[in-house]
Each structure stands twice: as structure tokens, then as C-alpha cells.
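*Asks:*
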Amino acid sequence: MYSEEDLIKRCLNSEARAHEDFYKRFAPKMYGVCLRFAKNQMEADDILQEGFIKVFSNLKTFRNEGSLEGWVRRTVVNTAINLYKKNVKYLKDTGLEQAEIIQNMEQGSLDRISVEELLNLIRELPAGYRMVFNLNIIEGYTHKEISELLAISENTSKSQLSRARQALQRKISELNTDYSK
Amino acid sequence: MNRKYSNIDDLFRDKFKDFEFNPPDHIWENVRQKITGGGNNNPGKPFTKGGIAGISVIIILIGLFSLYQFRNDANHYQTKGLADSQVMAYNSNSPELVALESSESNMISLDQSDTKGKSKKQEVSKNQVSRFIISTEKEVATGNSLVVPQENLEKSDVEFDEKSEVIPVSNRPVIGDTGLTENSGFENSVGPSQINESTSEESVLEKFEGNAKQTPEELMTEPVPEALPGVHDDYGKPGSWLLGLSFTPELVNYPSENRLNTRNYSLDLYTAYRFSGYLIQTGIGAMWSSDNGKYKIDYNQYLGSYEDVYNITFDTTGGEAIPTYHSETIQVYDTLDHVAVSPTKNKYTYLNIPVLFGYSNEGRHFGWFIKAGPSLSLLINQNIANYNQSLNQNKIINVENEVPARIKTNWQLIMSGGISLGLSEKLSISLEPIFRYYIKSNYEQNNINSKNPYSVGLRAGLQVNF
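Going down the list, the sequences are from chains Z and S.
The first sequence lines up with residues 7 to 187 when you count with this note's numbering.
The second sequence lines up with residues 31 to 496 when you count with this note's numbering.
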């Protein structure tokens, strides 16, 4: 298996299989990211495809200063953001609410929730909720950064996140109820 | 093993930490085709094949048009010369007949006043007859001509003075009743008529009668008569050229990509050829455009530095151990990833080459026109601004320019209409609303789904008429 540096060199030299090796190395993880950001599989396919086209187009700009996977992931996330901004004209600035704390829920039942089920819960969220939740909770962007990326206010970002949490909390409770039965 | 989740954030973070899913195979196939097929990205070449093809098409169009005009002009003069010579031949062969000749723009003119291009033999006869040609050979043969026998003219009181070129009298030639026969010696007179066959003989007659009743002085001072029905008033006149300079601000609209909406400013030097009410215009222009965009910069924040001692050596030459510390400066960065958005403005310069066809109605002081046609835009310069340099002290992980790159060659369709106002005999100004429809998007990225932007603008021009 080639090191990341060698893989980049081979891709930049347009060696035959280099791009495919690169794709195979990162595509499964990136597809997981895409599935979280997309509302359905078809949209996830589009994000992954556009994301990798951008990755290969801009590979020469990679500075070797951070991890290659992190760079690819940011490119894919940015692609998802661009697609979202293209489809959503604006986000309503709703009221700020407190984050939901999981209370009175059996930890064992939370463990039983599969990642596929959580993925479905995320997908059921409205686009704005889903985007902010993914960016903040999973990808680690701050509300200030999200507000710049999505061209919204910080308060909007916070309120979207709060509502996303509420919705997810409710759905998780429903799932737990089902497990209890 | 059960895990403790204090809130749903931890639950999702933990579950998705190593989440992977194999994508469908067709995605790689699509990616592979895009990166190996080349797509439309080719930033290295200033002129693409499309651009070369476009310039070729424009040159060919202009060439064909010029050739067409040249042939038309040549045919026109050849025909005129042929008609003159045939009239002469007719006069020499059948001195008993004369022809009534009409000039191209003036229904009634006498060849005594126009000796250009005619033979001396014809000049000699200037005191003899007035000649008009307003009929085709066919009309002459069928009796529907204005050609009259010499004898009829001799009966008239038509006289010519050496000084005054035209002396019409009331006893004008009889029209229609020419007495022309098949063996009148006119068979070889194939002079093409300069008058549309649809011209009614009555209207011709009326004009002729009107002029015949005027005194020579009146006739000499009379303005040029109006054109005949069916004949454009500048029929046969050579076309005229104009040279202009215009400035055009435009608003470009991307129907589904509002963030790309921008303004263009262009300065055009153009020339137009006007003939029989029509015009063809081409030129060259520079268009300036810009994109307001932003960079997304992923970085690790710079926290500070310290001196790292990587080696210590001791100097004991003096009997005392003196340590020497070998160090290097280590910069410390935050391990958290940050993203910053840096606004930027990219500037572009295009070379525009339009070819427009249209119709113009130019009066002495005021005129209007409409025109349309293709225009080729070539990107000749671009100034891509860099991101905020104050971030450079941080560890930059990734920089992404949100503004997609522009393509090098673009075709547009232009439609415009406007008015012109004469400032003097040769100088005029024009004001012209313009609509420009882009054949494809200006941008390279495939995810720009606004394929057909359009722009509206207002062109103000200053032009010199030749």
C-alpha cells in the first residue's frame, strides 16, 4: 500500500490506477459523510462525485501540512455546503433554545440504536437543521464559522441546532419506546 | 459495553466517528470519466478551439459580405455602363429614335447635365435631344414604353440652350403612343431598366407632366423628386460607413445562481456599413467584469512558539564543563481545525467581437435602428485576488476559492435597438438598450446549473458618419 505522499505524487503524475487507488482509499469514509449531509442516497451520490472531482482537480494545491483524509473530508463537506446553499435560498431565524439533555433514558437502549437508524433520523431533519447539526456536532465547526459558511447569523445557526436536537431527541425517544416494547 | 451519553451530541459523535459505507460503482465511473475526459477545464490555453472556430466564422462572414457588396457594386457600374453604351448604339443605329433616360435616383434627368462617363459623341449631341430610359426592352417591344420616335420629338418645341441644360416645354413627348415597331432597330437595346417593373406608368407620367410644366428655373431649383413606388428612396446609392465608440454598463443575471450576478462594463470601437436601410456592424471591444467571492480557509490556529533543546554538548577544554544547548524554534498550533471565510474580488477582461445585422432608419437629425447577431467573448486577462494574508501565520490546511473559474471563450446573442441624434452633418450620438443572452455559463464548474445567464445594459455611443 502506498503512503499518502506517494499516492499524491502518482495522481499528480497521472499514473494509471493512481486515481482509482486514491478513490478506493477514501471513498467509503467520504460516502458516510455524504450520507449524513444528503437528504437521500441520490443526493449523496452527487456530493461524493462532485467532491472527488474537486479533490482531483485541486490535489496539486494540497500542502502536505495536515492529513490528507482531513483535506479530502473538508472538500467533500464544502461540496455538500455548496449544494445545500444552491438548493436553499435562506434559513429562517428562529428563536434560540437550549440544547436538549438526554434524561431518564436508559444508556443501554441508546447503545442499541444502530448507526443506520441514526442516519435515517438525521435524514428526516429539515435541510437547515441537518446542515447545522452535521457541521457543528459531527464536523466540529463553530457557530461563527457556520454562519460565515452558510451566510446566516450566528443566532440562526444556534437556533437551527437547537431545533435539530429537539427533533432528534423526540425521535430517539420514540425509538427507545419501540425497543422497550 | 454500554457507553454513557450525557446528551445526543455525544451519541451521534460516537456512532458516526468511524462510519463508512461503500459507494455505488457508477460514481467512480463518472468521476473517472470527468477527470480523464478533460471536461471543459483548460485554463492554460488562452484561446480554445471554440474561440478559433468563432473567429474563423466571423472572418468568413465578413469576407462573404464584402465580396457580395463588391460584386454588387461592380455589377451596378457595369450595368450602368452597358446601358449607356447601348443607348448610344441605339442612337447611332436608329437616329430616328431617341430614348428617354432616367437616372437612378432622379426619375427625370437629362443626359446633357450628366456627361460623366459618356462618350464625346454623346456630348456632341447635347443640343439635340433629351433622352430618357424608363422602359425595359420588353416594355418597348410591347408598346408600354416611354421611348418615342425622333419625329415626335421634332414636332415638339423641346429646345436646349447651351447655358441652361434643361428647357422643357409644354409639348412633351407622347408617351405610350410611340409608334415603335418590331423592326424599329431597338432589338439590341437590352438596357436593363433602373426602375422596378411594378412602377405604374401613370405615376411616371404624372411626375413627368408635373416637371414638364415647370420653368427651367423651377426645375433647376426643385428638390430631388421622391422615389417611385416600390423603389427605396436610396435605391442604388452606395452604402455609407460609420465609425463609433460606445460605453456600455450591463447587469448580468444568473437565473438560479444569484450569488454570481455581476456587472460588466465595456468599451467598444465599432464600424457599420449601411445600405438600403440595412446595416451590418462589427468591431472590437474590451469588457471588464468582476466576481465577488470568498475563500474558505481551513487552518490550525497559531498559538505561539518555544525553543526546543534537541541536544546539549559540553565544552571541557578549559577544565570546566560548559554546556552548549542546541535548540530550534518550534511553532505551536491549535489542534482544533478552524475555518475562516475571506472575501475576495476577481477581475476579468474580455475581448469582444460582435457581428450584428439590422435595420436602420436614419433621418437628418434623428434616426432609429434595431440590430441583432452573435458576439464572441475571449477572456484575455484575469486577476484572481488572494485571500486574507493575515491568516498566513496559521497552519493553512486547505484553501478553497468559492468562486468558480471562468471559461476562456463564450458566445452570446445580442439584440438591441436604439435611437441616434445628429449633432452635426457627420457626428451623432446614439443610445441603445441592449440584451445579451449567453449561450452557456461563463463558469467552468459543472455544478453551476445556471447555464444561460443574460444581461441587460444601456449603450451610449458617439459615431462619425462617412
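Note that CB positions come from ideal geometry on N, CA and C, so glycine has one too.
Work out the CA separation of residue 327(S) and residue 26(Z) for me, nearest whole Å.
*Replies:* So the alpha carbons of these two residues sit roughly 27 Å apart.
*Asks:* Would you say residue 15(S) faces chain Z, with C-beta separation under 8 Å as the test?
*Replies:* Chain S is shown from 31 up to 496; residue 15(S) falls before or after that span and cannot be answered.
*Asks:* Check distances from the C-beta atoms of the segment 37–54 of chain S to those of chain Z and list, in chain order, the residues that come in under 7 Å.
*Replies:* Answer in chain order: 37, 38, 39, 41, 42, 43, 45, 46, 49, 50, 51, 52, 53 and 54.
*Asks:* In whole angstroms, give me the CA-to-CA distance for residue 282(S) and residue 42(S).
*Replies:* Answer to the nearest angstrom: the Cα atoms are 44 Å apart.
*Asks:* Provide the residue span of the beta strand (DSSP E) that contains residue 433(S), from first to last.
*Replies:* Per DSSP, residue 433(S) belongs to no beta strand (DSSP E) and is neither H nor E.
*Asks:* Throw me the rounded Cβ distance for the residue 69(Z) and residue 352(S) pair, which I believe falls under 8 Å.
*Replies:* 42 Å between Cβ atoms; not a contact.
*Asks:* Report yes or no: is there a C-beta of chain S within less than 8 Å of the C-beta of residue 27(Z)?
*Replies:* Answer no: the Cβ-Cβ gap between residue 27(Z) and chain S never drops below 8 Å.
*Asks:* Please look up how many angstroms separate the CB atoms of residue 437(S) and residue 398(S), rounded, as I've assumed it's under 8 Å.
*Replies:* The Cβ separation is near 35 Å, so there is no contact.
*Asks:* In chain S, which residues lie with their C-beta within 8 Å of the C-beta of residue 121(Z)?
*Replies:* Here the neighbours are 45, 46 and 49.
*Asks:* Cα separation between residue 428(S) and residue 441(S)?
*Replies:* Using only the alpha carbons, I get a separation of about 34 Å.
*Asks:* With a threshold of 16 other CB atoms inside 10 Å of the CB of residue 162(S), please say whether the residue is buried or exposed.
*Replies:* Residue confidence is low: residue 162(S) scores 43 on pLDDT, short of 50, so the model does not pin down where it sits. Its coordinate-derived value is still stated next. Buried: at least 16 other Cβ atoms inside 10 Å.
*Asks:* Round the Cβ separation of residue 458(S) and residue 452(S) to the nearest angstrom and send it over; I've been treating them as touching at under 8 Å.
*Replies:* Contact holds; Cβ gap of about 5 Å.
*Asks:* Could you tell me whether the segment 78–95 of chain Z touches the segment 52–59 of chain Z, where touching means 3 or more Cβ pairs closer than 8 Å?
*Replies:* Taking 8 Å as the limit for Cβ pairs, the verdict is that the segment 52–59 of chain Z does touch the segment 78–95 of chain Z.
*Asks:* Could you tell me whether the Cβ of residue 74(Z) comes closer than 8 Å to any Cβ of chain S?
*Replies:* Judged by the 8 Å Cβ criterion, residue 74(Z) is not in contact with chain S.
*Asks:* Quick one: Cα of residue 317(S) to Cα of residue 490(S), how far?
*Replies:* Cα to Cα, the separation comes out at about 15 Å.
*Asks:* DSSP three-state label for residue 143(Z), please.
*Replies:* Looking at residue 143(Z) - three-state DSSP - the assignment turns out to be helix.
*Asks:* Can the beta-carbon of residue 17(Z) be found closer than 8 Å to that of residue 32(Z)?
*Replies:* Their beta carbons are not under 8 Å apart, which means residue 17(Z) does not touch residue 32(Z) by this criterion.
*Asks:* At least one CB of chain Z closer than 8 Å to the CB of residue 60(S): is that the case?
*Replies:* Yes, residue 60(S) lies at the interface with chain Z (some Cβ there is under 8 Å from its Cβ).
*Asks:* How is the alpha helix (DSSP H) around residue 25(Z) delimited, first residue to last?
*Replies:* 24–43 is the extent of the alpha helix (DSSP H) around residue 25(Z).
*Asks:* Apply the 10 Å Cβ neighbour rule to residue 152(Z) and answer buried if 16 or more other Cβ atoms are within range, or exposed otherwise.
*Replies:* Classification for residue 152(Z): buried.
*Asks:* Considering residue 337(S), what are the terminal residues of the beta strand (DSSP E) in which it resides?
*Replies:* Its beta strand (DSSP E) spans residues 308–345.
*Asks:* Use the C-beta contact count for residue 355(S): other C-beta atoms within 10 angstroms, 16 or more gives buried, fewer gives exposed.
*Replies:* Exposed, by the Cβ-count rule.
*Asks:* Name, please, each residue of chain S whose Cβ falls closer than 7 Å to the Cβ of residue 12(Z).
*Replies:* What residue 12(Z) touches in chain S: nothing, since even the nearest Cβ is about 19 Å away.
*Asks:* For a contact defined as C-beta to C-beta under 7 Å, what are the partners of residue 473(S) on chain Z?
*Replies:* Going along chain Z, no residue has its Cβ under 7 Å from residue 473(S), so there is no contact; the nearest lies around 13 Å.
*Asks:* Can the beta-carbon of residue 26(S) be found closer than 8 Å to that of residue 273(S)?
*Replies:* What the structure shows of chain S is the stretch from 31 to 496, and residue 26(S) is not part of that stretch, so it cannot be assessed.
*Asks:* Taking the alpha-carbon positions, what's the residue 40(S) to residue 370(S) distance?
*Replies:* Roughly 25 Å separates the two Cα atoms.
*Asks:* What do you get for residue 67(Z), buried or exposed, if any count of 16 or more other CB atoms within 10 angstroms of its CB means buried?
*Replies:* Exposed: under 16 other Cβ atoms inside 10 Å.
*Asks:* Nearest CA to the CA of residue 380(S): which residue from 372(S), 401(S) and 411(S)?
*Replies:* The option with the nearest alpha carbon to residue 380(S) is 411(S).
*Asks:* Kindly indicate which three-state DSSP category residue 438(S) falls into: helix, strand or coil?
*Replies:* If DSSP states are grouped into helix, strand and coil, residue 438(S) belongs with coil.
*Asks:* Buried or exposed: which applies to residue 24(Z), given that a residue is buried once 16 or more other Cβ atoms fall within 10 Å of its Cβ?
*Replies:* Label assigned to residue 24(Z): buried.
*Asks:* Any C-beta of chain Z within less than 8 Å: which residues of the segment 414–440 of chain S qualify?
*Replies:* From the segment 414–440 of chain S, only 425, 426, 427, 428, 429, 430 and 432 have a Cβ closer than 8 Å to chain Z.
*Asks:* Could you tell me which residues DSSP puts in a beta bridge with residue 496(S)?
*Replies:* Paired residue(s): none; residue 496(S) is not in a bridge.
*Asks:* Could you check if residue 472(S) is buried or exposed, using at least 16 other CB atoms within 10 Å of its CB as the buried criterion?
*Replies:* The residue in question, residue 472(S), is buried, as its Cβ has 16 or more Cβ neighbours within 10 Å.
*Asks:* Give a yes or no on whether the C-beta atoms belonging to residue 297(S) and residue 323(S) are separated by under 8 Å.
*Replies:* No, Cβ-Cβ distance for residue 297(S) and residue 323(S) is not below 8 Å.
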